[in-house]
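Mind the numbering: the sequence shown is residues 0 to 241 in numbering that gives the first Met the number 0, read in order.
All C-beta atoms, glycine included, are put in the ideal place defined by N, C-alpha and C.
In what follows, a structure is listed as structure tokens, so that the remarks can point back to it.
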Amino acid sequence: MQNLADRKLVRSSQARQMSSLHSFFRFLTRRKFIKIDPTQGITLRRGEKKLPEFFFGNELKQVFDSLKGNKPLTMRNLALFELFYATGMRVSEVSNLTLRQIDLNLQTILVHGKGNKDRYVAFDDHTKKSLVRYLEDARPNLLKDETEQHVFLSNLGNPLSKRGIEYVMQKTFNQAGISGKVHPHELRHTFATAMLNNGADLRSVQELLGHSSLSATQIYTHVTMAHLKSDYEKYFPRNKES
């Protein structure tokens, strides 16, 4: 941080670079390339916003690949995490999600968000496939009450609570080789980061996330180390020499 300050970077630039370094070392720690994250414990100065944690693509692939079985809970978990990643929904929104909110044909969900504000989000073909498989082959085996409308159910047939989702995610990600503490909100961060890094308009991401102000979305405009490396390889002159 002292080096960043010595370079006279504004605080927002310092925060972005620190976030990129922290994400990179966190990735190395999760994959057990290193034992200790050298950026752990380094905090931003008072008044600065903490930048969001997110998962790298290969980490999510590792998790999704670990959920290829035919057991009801395995199918549920795959649909659950695919949905988080594809939509950027909050954990409370997913926990409260009911069948009537999902349109499988249009691949959209009517989300009942914070402050009773509704919005629509879309989901991709991969997520649709996982959802359909869960709804047709797994959910009926978990269902105990035919009148139950919540999408995601526990092994007892009850709606999966926020705490339940957090527990399931922690256990599943750790078993897949992603070490350390994880939280569903990181999948929301990952969605927003992926959308912006791939060219999405900031206003569109704001709408999809259900943010009331654009400033809440602007925190996601940091770049990943992968993008920094990609730009370096693409634009640094000597990389073009062969």
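Starting from residue i, follow the alpha helix (DSSP H) in both directions and report where the run begins and ends.
i: GLN193; result: Inspection of the sequence shows that residue 193 is occupied by Ala rather than by Gln. Looking at the DSSP string, the run of the alpha helix (DSSP H) that includes ALA193 is 184-196.
i: HIS149; result: First-last for HIS149: undefined, no H or E at that position.
i: THR216; result: 213-217
i: LYS127; result: 124-132
i: GLU58; result: 56-64
i: ARG138; result: 138-141
Relative to the C-alpha of residue i, which residue among the options is closest?
i: ASN57; options: ALA175, GLY179, GLU147, GLU92; result: ALA175
i: VAL120; options: LYS127, GLU232, LEU155, THR107; result: THR107
i: THR189; options: LEU27, LYS31, PHE55, ILE33; result: PHE55
i: ARG138; options: PHE53, THR73, LEU208, HIS210; result: THR73
i: LEU105; options: VAL93, GLU92, ASP123; result: ASP123
i: GLN61; options: LYS143, ARG99, GLU81; result: GLU81
i: ALA85; options: ILE218, VAL204, THR216; result: VAL204
i: LEU213; options: GLU232, ASN197, ALA191, LEU130; result: ALA191
i: ARG132; options: GLY198, GLY68, GLU145, GLN148; result: GLY68
i: ASP136; options: PRO71, SER94, THR28; result: PRO71
i: PHE53; options: ASN196, SER153, LEU201, VAL150; result: ASN196
i: LEU98; options: GLY163, ARG89, VAL110; result: VAL110
i: LEU79; options: LYS31, GLU165, LYS143, LEU155; result: GLU165
i: ASN76; options: LEU141, LEU208, THR146; result: LEU141
i: ALA199; options: THR216, HIS149, ASN157, HIS184; result: THR216
Three-state secondary structure (DSSP) at residue i?
i: LEU207; result: helix
i: PHE105; result: Note on identity: in this sequence residue 105 is Leu, with Phe being the wrong assignment. Of the three classes helix, strand and coil, the one that applies to LEU105 here is coil, per DSSP.
i: ALA78; result: helix
i: VAL90; result: helix
i: VAL181; result: coil
i: LEU155; result: coil
Starting from residue i, trace the beta strand (DSSP E) in both directions and tell me its first and last residue.
i: TYR166; result: Not the beta strand (DSSP E): TYR166 falls in the alpha helix (DSSP H), residues 161-174.
i: ASP117; result: 117-121
Pairs of beta-carbons, one from the stretch 104-122 and one from the stretch 159-172, closer than 8 Å: are there three or more?
no
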